[in-house]
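Residue numbers (our numbering): 1100 to 1233.
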């Protein structure tokens, strides 16, 4: 999974406060879009995307400033990647169409498990319900 890690790190490093602001402005649309994802092979993907969206929203609105910025940057990249129309694996490919989105999102979760778990505790959420699994 090191190539995916490198991919996430490389692209998250490009996330500026302006990009964060743009993603924050699009969160209502993104949340609706993500809620429509039908990916039975990746049953946690929608919940994982929703949690990352909430983390970004709380950070951008000043409701939670405890999350390190690199976690926010990786979350922004994951949401932007999931939103893109062109992926490494097209979404319409049966069985594996959301494998790339899931890999990117899981990488963010695995690398930032402690920060995301702490966020969930601060907000009364159960992190175990949004696992690091596919």
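Backbone N, C-alpha and C define an ideal beta-carbon position, used for all residues, glycine too. Computed from a predicted structure; not experimentally measured.
Check your understanding: Residue ranges of each alpha helix (DSSP H) run of no fewer than 4 residues wholly in the segment 1152-1184, ordered along the chain?
Key -> 1168-1182
Check your understanding: Do you know whose CA, among 1129, 1152, 1210, lies nearest residue 1105's CA?
Key -> 1210
Review point. Whole-angstrom Cβ separation of residue 1176 and residue 1111, contact assumed at under 8 Å?
Key: 4 Å
**Study point:** Cβ-based neighbour list, residue 1150, same chain, cut-off 6 Å, excluding 5 preceding and 5 following
**Key:** Around residue 1150: 1229.
Review point. Thinking just about the alpha-carbon of each residue, which of 1118, 1203, 1215 is nearest to the one in residue 1159?
Key: Nearest C-alpha to residue 1159: 1118.
Check your understanding: To the nearest angstrom, how far is it from the Cα of residue 1225 to the Cα of residue 1103?
Key -> 26 Å
Practice item. Report, in whole angstroms, the separation of the C-beta atoms of residue 1221 and residue 1163, which I expect to be a contact under 8 Å. Key: 7 Å
Practice item. Starting from the Cα of residue 1137, find the closest Cα among 1207, 1208, 1181 and give me that residue. Key: 1181
Practice item. Determine the direct distance from the alpha carbon of residue 1128 to that of residue 1204, and round the result to whole angstroms. Key: 18 Å
Check your understanding: Which same chain residues, not among the five before or five after residue 1114, have their C-beta less than 7 Å away from its C-beta?
Key -> 1172, 1175, 1176
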